[in-house]
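If you read the protein sequences in the order shown, they are chains A and B.
The working numbering applies: residue 1 is where the first sequence begins, and numbers increase by one.
The working numbering applies: residue 1001 is where the second sequence begins, and numbers increase by one.
Each residue gets a CB set at the ideal place from its N, CA and C atoms; glycine is no exception.
Let me begin by presenting the structure, written as structure tokens, before commenting on it.
2 protein chains.
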Amino acid sequence: MAVLEFQLERTDKDSKARTGTITTDHGEIQTPIFMPVGTVGSVKAVSQQQLVSDVKAQIILGNTYHLYLRPGLEALEKAGGLHRFNGWQKPILTDSGGYQVFSLAGTRKIKEEGVTFQSHIDGSRHLFTPEYVMDIQRIIGGDIIMAFDECPPGGSDYTYVKTSMELTHRWLDRCWDRFNSTEDKYGYTQNLFPIVQGGTFKDLRKASCEYVSSKNAAGNAIGGLSVGEPEPVMYEICDWCCDHLPKDKPRYLMGVGTPWNILECISMGVDMFDCVMPTRNGRNAMLFTTKGVINIDNKKWEFDFSPIDEGMGNGFSSFYSKAYLRHLLKSKELLGLTIASIHNLAFYLWLVGEARRHIEQGDFVSWKNEMVEVLKTKL
Amino acid sequence: MAVLEFQLERTDKDSKARTGTITTDHGEIQTPIFMPVGTVGSVKAVSQQQLVSDVKAQIILGNTYHLYLRPGLEALEKAGGLHRFNGWQKPILTDSGGYQVFSLAGTRKIKEEGVTFQSHIDGSRHLFTPEYVMDIQRIIGGDIIMAFDECPPGGSDYTYVKTSMELTHRWLDRCWDRFNSTEDKYGYTQNLFPIVQGGTFKDLRKASCEYVSSKNAAGNAIGGLSVGEPEPVMYEICDWCCDHLPKDKPRYLMGVGTPWNILECISMGVDMFDCVMPTRNGRNAMLFTTKGVINIDNKKWEFDFSPIDEGMGNGFSSFYSKAYLRHLLKSKELLGLTIASIHNLAFYLWLVGEARRHIEQGDFVSWKNEMVEVLKTKL
């Protein structure tokens, strides 16, 4: 039972991409890594067995806001934490609930103390403080837990973002204190990652990176990106943040993004990613493949009996055909949602695995530049 | 490539229950057997891999009416039949579409020639004749295909049922002729099963059994039961039909039923069953278990972290807890529908497997009588 360790393995000679291994009490994670999002303790439409055998996930996310509302803390605590509740044996990361409170919940009010909000399920009122969010994440029992932050809306002006960032920093101090004065509940070590904010303003981002780095946490996250800013701006800020965060700790870019976003950000030195895109877009008939993007709803796939994607070896995505998946989604069959979700997730995991392999063999940048073009192709 | 064979293995000394092996070109089926219903080429919410590894299905059903409308004959024929289309390698049985035409479709009209009906999807008009239904099932490519019959509504009077049965017999002749004058399309043998009708009238059922038996088909089906008649009547008619159908051919009771229905009908000599109950009721939070029936929606399971069912060995149903499944269904998570469906189907397959084992070891009736009471228990 030990604090999370990050072993940096290989750094690319032509970029800032790197490989590493994160060790937690629930096992190892090979970086760069993509983490499927398991909102309420389930990656939508995918079973825990399929996550292991077909997706080959090494770590999944849980959303604190959702889990707090359902099944609730009593069930999670009585179960002995989320791993025992849902049967997932590998590492889990929980977010802080901040993002959902701001984007999903009803009328919310931000004060120094914390945020009051209304449940999107029954309209009930709740208060999240930095301290309480630490207590909640202690009960959920993620291996990695996140500091409570405010994620300002995309396009916010300098004054708003600066004020918000300073609040996030004061909340970080309170998270840090609470985390360090409370204990792991279930016999394995939890690790708190702070989150960099600062919008699209480089001086604020630099200040936030420095503040966050001063905590010497086991890992650091970049929040507040992919919230509506243009792609080049997202890349510029991500790159800038990577340059101002410790090299010897894992860097986690929150909520990003498309397959090409992930490759570009790996080249800047990001190690961990999560995003609902593979599952959400999959359920809406959009498939990411080794040859490009497929809208499987399109009539052109009606009689295409070739596998969904043959480019990832002899796994799940070479079993079902495009025509069959299209038929299932057209017929609103639940299996269609499952197949599309598993394929997209397996593809994301394949992609970060390939990135790792190319960093190791020293041709990452040329491979990445080629792949980015291929992946964006509309098939 | 050979016609379906049925090897009768063991007949119970205290009842008419028996074990056997059906051999098709897609493999063997150990009887008594339950066949999961794969409506439009997918058992709802369950993948083909899960059907093999978790449910342990040996044969699945496809619905001719649904497959004819979606994906349609062109796709199925171009794919090379349903096995190739959906990736299911074991035997498939297709129904004749009759039942769905009468229960699902819009305005329909029964004539000597066949039935005109409207698609429940787009209202388009179609005509199913006995000959066309043979052609359709040739294209779908089931290992076992069913004769086109009229299934009279529960409670129909003697005159209606007699007229309807006579029509079904004339249609059977036309099915038989068309089937025998057409060829297997995909290199394996298809087998036509006729269907006994006659409602709840013993003289009609006897006449229908005799007519059906005269075809000397590879197997025979009992239709028109579990359509609203009281359970004792269903048992009486099923028993009566079994007595008037050949012993050396598999007997298939269509669309029945609860776990206790299945055990009782096995004791009368039924070999094959299908029903949407395990999947449909599962999606509505009703679980069949080795200890009785569970309404998993019930608050009493909120903190029950014991496995869904430990009585079936160390398989799928011992992995997820009752509390977790309840949480998923409450939260309308797709995985909840999948887990409930897989569990119920695995339970049905476990149940017919246990029946087989007890017939072999000679204590079927005492085991059956005990189990029927246990299975009905509301937990």
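Grab me the residues of glycine 198 (chain A)'s own chain with a C-beta within less than 6 angstroms of its C-beta, minus the 5 sequence neighbours each way, in chain order.
Same-chain partners within the cutoff: Met165, Leu204, Arg205, Ser208.
Could you give the C-beta distance for phenylalanine 1148 (chain B) and phenylalanine 1128 (chain B), rounded to a whole number, given that I count them as a contact under 8 angstroms?
Between phenylalanine 1128 (chain B) and phenylalanine 1148 (chain B) the Cβ distance is about 7 angstroms, and since that is below 8 angstroms, they are a contact.
Just checking: is the beta-carbon of glutamate 1333 (chain B) within a distance shorter than 8 angstroms of some beta-carbon in chain A?
Cβ-Cβ to chain A under 8 angstroms: yes for glutamate 1333 (chain B).
Does any CB atom of chain A fall closer than 8 angstroms to the CB of valine 1276 (chain B)?
So no, valine 1276 (chain B) is outside the interface.
Give the residues of chain B in contact with threonine 338 (chain A), contact being defined as C-beta atoms less than 8 angstroms apart.
In chain order: Ala1045, Ser1047, Leu1334, Thr1338.
Taking 8 angstroms as the CB-CB limit, is glycine 154 (chain A) close to chain B?
Answer no: the Cβ-Cβ gap between glycine 154 (chain A) and chain B never drops below 8 angstroms.
DSSP three-state call for serine 1119 (chain B): helix, strand or coil?
DSSP places serine 1119 (chain B) in coil when its eight states are reduced to three.
In the DSSP assignment, find the unbroken beta strand (DSSP E) run with glutamine 7 (chain A) in it and report its ends.
Here the beta strand (DSSP E) through glutamine 7 (chain A) covers 5–11.
Identify the contact partners of lysine 299 (chain A) in chain B, using a Cβ-Cβ distance below 9 angstroms as the criterion.
The contacting residues do not exist; lysine 299 (chain A) stays about 12 angstroms from chain B at best.
Would you check if the region 369–376 of chain A and the region 1342–1353 of chain B touch, i.e. whether three or more CB-CB distances between them fall below 8 angstroms?
With the cut-off at 8 angstroms, the region 1342–1353 of chain B and the region 369–376 of chain A do not touch.
Look at the alpha carbon of lysine 1086 (chain B) and the alpha carbon of serine 1042 (chain B), and state the distance between them as a whole number of angstroms.
At residue 1086 (chain B) the sequence reads asparagine, which differs from the lysine that was named. Near 7 angstroms, if we compare the C-alpha coordinates of serine 1042 (chain B) and asparagine 1086 (chain B).
How about glutamine 1327 (chain B): is its C-beta nearer than 8 angstroms to some C-beta of chain A?
Position check: residue 1327 (chain B) holds histidine in this sequence, whereas glutamine was assumed. Yes, because at least one Cβ of chain A sits closer than 8 angstroms to the Cβ of histidine 1327 (chain B).
Once the 5 residues before and after isoleucine 339 (chain A) are set aside, which same chain residues still bring their CB inside 6 angstroms of it?
Cβ within range, chain order: Tyr320, Leu325.
Measuring only the C-alpha atoms, how far is glutamate 363 (chain A) from glycine 353 (chain A)?
Checking the sequence shown, residue 363 (chain A) turns out to be aspartate, not glutamate. In a straight line, the C-alpha of aspartate 363 (chain A) is about 14 angstroms away from that of glycine 353 (chain A).
Please report whether the beta-carbon of glycine 1087 (chain B) lies at a distance below 8 angstroms from any beta-carbon of chain A.
It does; some Cβ of chain A falls within 8 angstroms.
Determine, for phenylalanine 347 (chain A), whether the minimum Cβ-Cβ distance to residues of chain B falls below 8 angstroms.
Cβ-Cβ to chain B under 8 angstroms: no for phenylalanine 347 (chain A).
Could you round the C-beta distance between alanine 1057 (chain B) and leucine 1337 (chain B) to whole angstroms and report it? I think they count as a contact, below 8 angstroms.
Contact flag wrong, Cβ pair sits at about 18 angstroms.
Quick one: is isoleucine 121 (chain A) buried, meaning 16 or more other Cβ sit within 10 Å of its Cβ, or exposed?
By the neighbour-count rule (16 or more Cβ atoms within 10 Å), isoleucine 121 (chain A) is not buried but exposed.
Going by beta carbon distance, what residues of the same chain come within less than 7 angstroms of tryptophan 1350 (chain B), once the five residues before and after it are set aside?
Cβ neighbours of tryptophan 1350 (chain B) beyond the five flanking positions: Met1312.
Can you tell me which residues form a DSSP beta bridge with phenylalanine 128 (chain A)?
Phenylalanine 128 (chain A) is bridged to A:Val115.
What is the DSSP secondary structure of isoleucine 1022 (chain B), counted as helix, strand or coil?
Strand.
Where in the region 1252–1308 of chain B do unbroken runs of the alpha helix (DSSP H), each at least 4 residues long, occur, reported from the N-terminal end onward?
Listed in chain order, the complete alpha helix (DSSP H) runs (minimum 4 residues) inside the region 1252–1308 of chain B are 1259–1267, 1277–1283.
Does the Cβ of aspartate 271 (chain A) have 16 or more other Cβ atoms within 10 Å, making it buried, or fewer, making it exposed?
It is buried - the Cβ of aspartate 271 (chain A) has at least 16 other Cβ atoms within 10 Å.
Note down, in chain order, each residue of its chain lying with its Cβ closer than 6 angstroms to the Cβ of aspartate 184 (chain A), except the 5 sequence neighbours on either side.
The answer, listed in chain order, is Gln190.
Run through the region 1172–1230 of chain B for me and flag every whole beta strand (DSSP E) of 3 or more residues, listed as ranges in chain order.
Taking only runs of at least 3 residues, the beta strand (DSSP E) segments lying wholly in the region 1172–1230 of chain B are 1191–1193, 1220–1222.
Which same chain residues end up closer than 7 angstroms to serine 1177 (chain B) when comparing Cβ atoms and leaving out the 5 residues on each side of it in sequence?
The amino acid at residue 1177 (chain B) is misidentified as serine; the sequence shows aspartate. Contacts found: none.
In angstroms with no decimal places, state the Cα-to-Cα distance between arginine 174 (chain A) and phenylalanine 201 (chain A).
Straight-line Cα distance between these residues: approximately 25 angstroms.
Can you list the residues of chain B that serine 42 (chain A) reaches, using a CB-CB cut of under 7 angstroms?
By Cβ distance, chain B contributes Leu1328, Glu1333, Leu1335.
Along chain A, in chain order, which residues have C-beta atoms closer than 7 angstroms to that of glutamate 1385 (chain B)?
With chain B covering only 1001 through 1379, there is no way to say anything about residue 1385 (chain B).
Using a Cβ cut-off of 8 angstroms (strictly closer), state whether lysine 322 (chain A) contacts chain D.
Chain labels in this structure do not include chain D; the protein chains are A and B.
Taking the alpha carbon of leucine 69 (chain A) as the reference point, which residue from A:Glu131, A:Gln50, A:Gly81, A:Gly97 has its own alpha carbon closest?
Among A:Glu131, A:Gln50, A:Gly81, A:Gly97, the Cα nearest to that of leucine 69 (chain A) belongs to A:Gly97.
Between the alpha carbons of threonine 168 (chain A) and glutamine 118 (chain A), how many angstroms are there, rounded?
Roughly 21 angstroms separates the two Cα atoms.
If isoleucine 33 (chain A) sits next to leucine 4 (chain A), beta carbons under 8 angstroms apart, how far is it from one beta carbon to the other, in whole angstroms?
Not quite, the Cβ-Cβ distance comes to about 13 angstroms (not below 8 angstroms), so this is no contact.
Are the CB atoms of serine 226 (chain A) and glycine 187 (chain A) nearer to each other than 8 angstroms?
No. Outside cutoff.
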